[in-house]
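*Asks:* Residues 1 to 146 in UniProt numbering are what the sequence shown spells out, letter by letter. The structure's right below; bear with me while I get my questions together.
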Amino acid sequence: MEMHKRKAVESSQTAADLKLHLDKYQAQLKEAQVAVAEKTASLEQEVFKYKRMQEEVAKLNRKLERSKKIEMAGAADEVLLEEVKEYKEHLTCPSCKVNKKDAVLTKCFHVFCLECLRTRYETRQRKCPKCNAGFGANDFHRLYLS
Numbered sequence: 001m002e003m004h005k006r007k008a009v010e011s012s013q014t015a016a017d018l019k020l021h022l023d024k025y026q027a028q029l030k031e032a033q034v035a036v037a038e039k040t041a042s043l044e045q046e047v048f049k050y051k052r053m054q055e056e057v058a059k060l061n062r063k064l065e066r067s068k069k070i071e072m073a074g075a076a077d078e079v080l081l082e083e084v085k086e087y088k089e090h091l092t093c094p095s096c097k098v099n100k101k102d103a104v105l106t107k108c109f110h111v112f113c114l115e116c117l118r119t120r121y122e123t124r125q126r127k128c129p130k131c132n133a134g135f136g137a138n139d140f141h142r143l144y145l146s
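See the structure below:
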C-alpha cells in the first residue's frame, strides 16, 4: 500500500514537473510566434520599400535616357517625334495593331478597338486577349479619348 502511495506521489510530482515544462514551452512558442509575426511585417515593409525604390530607379533611368537622346540627337524635334511615335503606338489596338483603342472591357479594364472586341464576341472567343478573363455582351463599352 505504501509503495502505491509513493508511486502516486512520484507520478503526481512528475506530472506537475511536466506541466511546468509544458507551460514554459508554450510561452516560448508564443514568444517565437510574435517574433515571427513582427519580422514578417518588417520584411513586408522592406519589400514594399524595395519595390518603390525600383520604380523610382526605373523612372530616373527613363529620364536619363530621354536626356541622353536629347544630347545625342542635337535636335529636340527628333526626340519629340520619336516620343510621339511611341505614344501613338500605345494608343493602337494591341490585338490588330491597326485601329485606335476605343473600347474597354469592364471585367479587367483592358482597352482594345471596338471592332476587335465585337469580332471576338461574335466568333465566340469571349475572353480578353491579354488576361483571358471572360466577358459577355454587356462587358465592353465604347471609350472616348479626346
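Where a beta carbon is used, it is the ideal one built from N, C-alpha and C, also for glycine.
1) Output the distance between the C-alpha atoms of His4 and Ser11, rounded to the nearest integer angstrom.
2) Tell me whether Arg142 sits in a helix, a strand or coil according to DSSP, three-state version.
3) Excluding five sequence neighbours on each side, which residues of the same chain lie with their C-beta closer than 6 Å to the C-beta of Phe135?
4) Could you pull the start and end residues of the beta strand (DSSP E) that Val104 belongs to?
5) Given that a residue counts as buried once 16 or more other Cβ atoms are within 10 Å of its Cβ, and exposed if not, what is Cys131?
6) Determine the direct distance from the alpha carbon of Asp17 to that of Phe48, and round the result to whole angstroms.
7) Exposed or buried, Ala58, counting other C-beta atoms within 10 Å across all chains shown (16 or more means buried)?
8) Mark Ala137 as exposed unless 16 or more other C-beta atoms lie within 10 angstroms of its C-beta, in which case mark it buried.
9) Going by the DSSP bridge assignment, what does Thr92 pair with across the sheet?
10) Would you mind reading off the limits of the alpha helix (DSSP H) that contains Thr119?
11) For Lys101 versus Cys93, is the C-beta spacing smaller than 9 Å?
*Replies:* Short version:
1) 10 Å
2) strand
3) Cβ neighbours of Phe135 beyond the five flanking positions: Leu105, Lys107 and Arg126.
4) Ala103 to Leu105
5) exposed
6) 47 Å
7) The residue in question, Ala58, is exposed, as its Cβ has fewer than 16 Cβ neighbours within 10 Å.
8) exposed
9) DSSP output for Thr92 lists Lys100 as bridge partner(s).
10) Counting along the chain, Thr119 sits inside the alpha helix (DSSP H) bounded by residues Leu114 to Glu122.
11) yes
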